[in-house]
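Numbering (our numbering), first residue to last: 1 to 131.
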């Protein structure tokens, strides 16, 4: 209840010009995105893409076959799996470089800087990454 009242008061104050518009850099506008949430969102997006590609490839295989295809046979499943993209590549790329490769962007305002790559120029510099 109190939050609703505060929001209404702030809306009226904004309309009257008594307060400024909130910017995207305001800490109140930032959401907490933990590493696990980002990994899960990326994994979910890749799994959905994998399943859509599997469906398309399976339909293509059935449509182009001259005789009925047993989609449960091991040879057919292996043939389909060879045509599918690897789900873990995007996650490996994110962890190795800190850059996000995503089709949707996962509603993130940035696509780089998610990980610090440990430079091993010398031993002490490499250790300083883990302070």
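Ideal placement from N, C-alpha and C gives every residue a C-beta, glycine not left out.
Could you pull out every residue in the same chain whose Cβ sits closer than 8 Å to the Cβ of residue i, ignoring the five residues on either side in sequence?
i	result
residue 98	112, 113, 114, 115, 116, 117
What is the rounded straight-line gap between the Cα of residue i and the Cα of residue j?
i	j	result
residue 20	residue 33	27 Å
residue 58	residue 91	26 Å
residue 102	residue 37	14 Å
residue 55	residue 81	11 Å
residue 46	residue 18	46 Å
residue 75	residue 61	13 Å
residue 16	residue 9	11 Å
Run through DSSP, which three-state label would residue i get?
i	result
residue 131	coil
residue 102	coil
residue 75	helix
Can you say whether residue i is buried or exposed, counting buried as having 16 or more other CB atoms within 10 angstroms of its CB?
i	result
residue 65	exposed
residue 3	exposed
residue 11	exposed
residue 121	exposed
Going by Cα to Cα distance, which pick from the options is closest to residue i?
i	options	result
residue 94	40, 127, 128	40
residue 42	127, 108, 130	108
Skipping 5 residues on each side, what residues in its chain have a beta carbon closer than 7 Å to that of residue i?
i	result
residue 50	84, 85, 87
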